[in-house]
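Residue numbers (the numbering used here): 105 to 213.
What follows is the structure in structure tokens.
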């Protein structure tokens, strides 16, 4: 990674840190599932409460999500969403593709 790539990465991480901190209402250094829902919504992810609960279970410890886990969650969500959008050519929020393509999509992330 060159210096310019590092600067860009640093800028993105700082933005995510500020975003995370703005939803950490009790300043505990963690967010709960409700705070996560609000944070993801402001990032443009339209997810059901059930989907957010699944995400929170995957990335939380004792119901709390640390900044490191928040970053991992956001990176995974962005990659999954990008993959989904490439396949959702009609932009209806629905895709239909073979099982093998699904496995390749999920395993590439």
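Just so it is clear, CB atoms sit at the ideal spot from N, CA and C, and this is done for glycine as well.
Model, not experiment: these values are computed from the prediction.
Top-ranked residue by Cα proximity to residue i, from the options
i: residue 147; options: 194, 192, 185, 206; result: 185
i: residue 171; options: 119, 111, 107; result: 119
i: residue 133; options: 174, 195, 112; result: 174
i: residue 180; options: 166, 152, 111, 211; result: 211
i: residue 167; options: 116, 138, 125; result: 138
i: residue 209; options: 195, 188, 200, 121; result: 188
Beta-carbon spacing of residue i, residue j below 9 angstroms
i: residue 192; j: residue 198; result: yes
Cβ separation of residue i and residue j, assumed to be a contact under 8 angstroms, to the nearest whole Å
i: residue 143; j: residue 123; result: 6 angstroms
i: residue 169; j: residue 178; result: With a Cβ gap of about 11 angstroms, residue 169 and residue 178 do not count as contacting.
Bridge partner(s) assigned by DSSP for residue i
i: residue 214; result: The question about residue 214 has no answer here: the residues shown for the chain are numbered 105 through 213.
Contacts around residue i, its chain only, beta-carbon distance under 7 angstroms, and the 5 residues preceding and following it disregarded
i: residue 157; result: 137
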